[in-house]
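Everything in the sequence shown is counted per the numbering used here, starting at 8 for the first residue and increasing by one.
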Amino acid sequence: MTNSILHLGLMEDTEIELDLAALELAALDHPGVDLDEYLDELTDIEIALRAADGDAVTSTAQAQALSSVMVEEFGFSGDRTHYDDPQNADLIAVVDRRLGLPISLSIIYVAIARRLGWSAMPLNTPGHVLVRLGDASDALIIDPFNDGRIVAPEQVEALLEQMTGQARFSDGMLPLSNRSALVRLLLNQATRAEQAGDPARALVLYDRMTIVAPTHAHGWWERARLQLVAGDVAGARSSLSAMLEITRDDDLRLQVSAALDALPRPTPS
């Protein structure tokens with residue numbers, strides 16, 4: 008079934024439609040699902056947003072319209088009761104249940120805002136994805152997990168300081184590209200699967216990550232690690248070799264080469 012997402016790894020980042028791509032990933036776990044029903048649901052949200060304030064110009068007005076439609080009209084919110092429920096990172100389940108994680112809800116908020124031509128980007132804030140609305144001169148940050156509320160700059164700084172020890176954005180906390188947002192969604196799922204004692208499920212998710220983001224080194228490394236856990240030395244060798252092909256960082260290349268050298272050698276037949 009992973010053939011159905013091969014195109015995502017071949018697309019230019021700007022060509023990726025976040026909501027459709029996240030639904031395509033979720034469909035891998037829902038055989039036979041009709042994605043058109045979910046796309047229609049998102050289109051209904053888009054229509055409602057246009058009716059509420061589709062001509063909103065300022066980021067504040069856009070944030071208020073998004074919160075009004077997403078929360079008050081359609082009932083989307085963060086799942087505070089069962090935060091680690093795997094359904095919270097499965098966009099099909101998120102649309103069904105109206106509950107999600109910061110990353111899954113941010114994907115929906117961003118995708119709907121972009122449908123109206125608004126500037127919206129998920130932010131790679133550690134531990135809790137936020138969304139930036141508006142251009143540089145009129146930008147503000149909202150929190151889709153907490154009902155789309157506007158987050159004051161000092162609150163963002165407090166979050167960053169709590170999670171990283173620094174109160175300013177670094178290069179690693181710049182807006183997420185479309186592909187990186189999908190990677191973060193998959194990483195949330197894989198991490199929770201492993202925490203739940205299901206490394207086989209985690210391996211499936213890292214495999215998807217290498218398809219969606221073939222130049223993302225972390226996916227290949229984790230895939231190799233879990234293949235070794237499963238006793239698949241040949242698979243781990245293949246993953247590390249692929250990682251070596253796409254990695255340009257000299258220190259990381261040395262690390263990967265050392266890991267390859269440490270793998271058991273195939274027994275001659």
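Even for Gly, the Cβ is constructed at its ideal location relative to N, Cα and C.
Asked, Found
"Does the contact criterion of 3 or more C-beta pairs under 8 Å hold for the segment 149–158 versus the segment 67–75?", "yes"
"For Pro93, does the three-state DSSP call read helix, strand or coil?", "helix"
"Is there contact between the segment 16–25 and the segment 42–49, where contact requires at least three CB pairs shorter than 8 Å?", "no"
"When DSSP labels each residue in this structure, what does Ser278 get in the three-state scheme?", "Any answer about residue 278 is impossible in this case: the structure gives the chain only from 8 up to 276."
"If I measure Cβ to Cβ from Ser6 and keep anything under 6 Å in the same chain, skipping five residues before and after, which residues do I get?", "With the chain covering only 8 through 276, there is no way to say anything about residue 6."
"Check whether the segment 250–260 touches the segment 217–236, counting contact only when three or more Cβ pairs, one atom from each stretch, lie closer than 8 Å.", "yes"
"Determine the direct distance from the alpha carbon of Ala188 to that of Asp178, and round the result to whole angstroms.", "Low local confidence applies: a pLDDT of 48 at Asp178 is under 50, so the model's placement there is unreliable, with the coordinate-based value given in what follows. Taking the straight line from one Cα to the other gives about 15 Å."
"Pro109 to Ala243, Cα distance in whole Å?", "32 Å"
"Give me whichever residues DSSP pairs with Ile148 in a beta bridge.", "Arg139, Val158"
"Beta-carbon separation of Ala209 and Ala220 under 8 Å?", "no"
"Could you give the distance in angstroms between the alpha-carbon of Asp97 and the alpha-carbon of Ser111?", "8 Å"
"Taking the beta carbon of Asp91 as the centre, do at least 16 other beta carbons fall within 10 Å, making it buried, or is it exposed?", "exposed"
"So the beta strand (DSSP E) Pro271 belongs to, where does it begin and stop?", "First-last for Pro271: undefined, no H or E at that position."
"Specify the secondary structure class of Pro182 as computed by DSSP and reduced to three states.", "strand"
"Pick out whichever of Leu261, Met216, Gln262, Glu201 has its Cα sitting closest to the Cα of Ala237.", "Glu201"
"Please go through the same chain and pick out, in chain order, the residues whose beta-carbon is closer than 7 Å to the beta-carbon of Ala63, but skip the five residues on each side of it.", "Gln69, Ala72"
"Can you list, in chain order, the residues of its chain whose CB lies under 7 Å from that of Gly61, leaving out five sequence neighbours each side?", "Leu123"
"Could you tell me which of Ala118, Ile119, Gln94, Ile52 sits nearest to Gly107, measuring between CA atoms?", "Gln94"
"Exposed or buried, what is Asp26 when buried is set at 16 or more other beta-carbons lying within 10 Å of its beta-carbon?", "buried"
"Go through the segment 201–268 residue by residue and report every complete run of the alpha helix (DSSP H) that reaches 4 residues or more, in order.", "206–219, 224–236, 240–253"
"Comparing C-alpha positions only, which one of Ser84, Asn10, Trp125 sits nearest to Leu56?", "Trp125"
"Given Glu80, which residues of its chain have a CB within under 7 Å of its CB, disregarding the five upstream and five downstream residues?", "Ala55"
"With a floor of 4 residues, list each alpha helix (DSSP H) that falls wholly inside the segment 16–58, ordered by position along the chain.", "25–34"
"Checking the sheet assignment: what are the DSSP bridge partners for Leu130?", "Leu137, Pro182"
"Along the chain, where does the alpha helix (DSSP H) containing Arg104 start, and where does it finish?", "98–104"
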